[in-house]
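Numbering (my numbering), first residue to last: 10 to 97.
Glycine included, each C-beta is placed from N, C-alpha and C at the ideal position.
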């Protein structure tokens with residue numbers, strides 16, 4: 010992702026950027042074996058850097074040059090919840 014969404018977010022959230030990247034990897038066959046581990050690692054890194062949670066303003070969606078929908082944030086959250094309870 011290009012990150013155009015990050016400065017538009019009122020919480021300086023990287024959720025849209027991270028979720029778009031995770032969605033991209035999830036659609037590739039070679040991305041499946043490490044999907045849960047990658048999700049955990051990327052969300053943990055995002056949390057460590059202090060990015061806030063999505064407040065559903067959808068400014069990220071409005072400025073995205075690739076028109077990536079904000080619904081990928083929900084998919085990332087589902088994958089993260091699944092990864093948190095799954096053994097590697």
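Contact between the segment 35–44 and the segment 69–80 is not established, with fewer than three Cβ pairs separated by less than 8 Å. In the displayed model, residue 46 falls within a helix according to three-state DSSP.
Relative to residue 32, the option among 93, 88, 92 and 94 whose CA is nearest is 88. For residue 11, the three-state secondary structure derived from DSSP is coil. Rounded to the nearest whole angstrom, the CA to CA distance from residue 58 to residue 11 is 18 Å.
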